[in-house]
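Note that UniProt numbering numbers the sequence shown so that position 92 is 92, with each residue one more than the last.
Every residue, glycine too, gets a C-beta built ideally from N, C-alpha and C.
Data first, discussion second: the structure below is written as structure tokens.
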Amino acid sequence: MTITHCGVCYADVIWTRNKHGDSKYPLVPGHEIVGIVREVGSNVHRFKIGDHVGVGTYVNSCRDCEYCNDGIEVNCSRGSTFTFNAVDADGTITKGGYSSYIVVHER
1 MTITHCGVCY ADVIWTRNKH GDSKYPLVPG HEIVGIVREV GSNVHRFKIG
51 DHVGVGTYVN SCRDCEYCND GIEVNCSRGS TFTFNAVDAD GTITKGGYSS
101 YIVVHER
């Protein structure tokens, strides 16, 4: 999705300043994101190019455990992936809402 707007939260300040000691630089914060769908994968059914969408604190999870199946990915048994400063399933570090675009699962 192409990011059009992103809110500012104190969490952005905490991670930017490495207050927890686990920031991964270069760090691009922002987890209150809105934008427009730019591309969709072949298995995406809920969104189409041009849709306006929002993304919160998490961009990925196992999508298979009890919590994920109940729609509460935040409690994923295998660990959910933060919108920024986290290692995603493909091994890349997630970049947040102050990026130009972001790739997320349709869920």
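CA nearest to the CA of residue i, picked from the options
i: H105; options: H31, V28, H5, R46; result: R46
i: K95; options: P26, V34, E39; result: P26
i: D12; options: C62, T57, R63; result: T57
i: S61; options: V53, I49, V74; result: V74
Cα-Cα separation, residue i to residue j
i: S23; j: T16; result: 7 Å
i: residue 150; j: N69; result: Outside the shown range of the chain, which is 1 to 107, sits residue 150, and nothing can be said about it.
i: F82; j: D51; result: 23 Å
i: E32; j: C9; result: 8 Å
i: I14; j: C65; result: 30 Å
i: N85; j: I72; result: 21 Å
i: V55; j: G91; result: 20 Å
i: Y67; j: D88; result: 19 Å
i: V28; j: I102; result: 11 Å
i: G21; j: I36; result: 33 Å
i: G30; j: M1; result: 15 Å
TODO: Would you mind listing the beta strand (DSSP E) stretches within the UniProt domain "Alcohol dehydrogenase-like N-terminal" (3-106) that are 3+ residues and don't spill past its ends, in chain order?
DONE: Correct list: 33-36, 52-55, 58-60.
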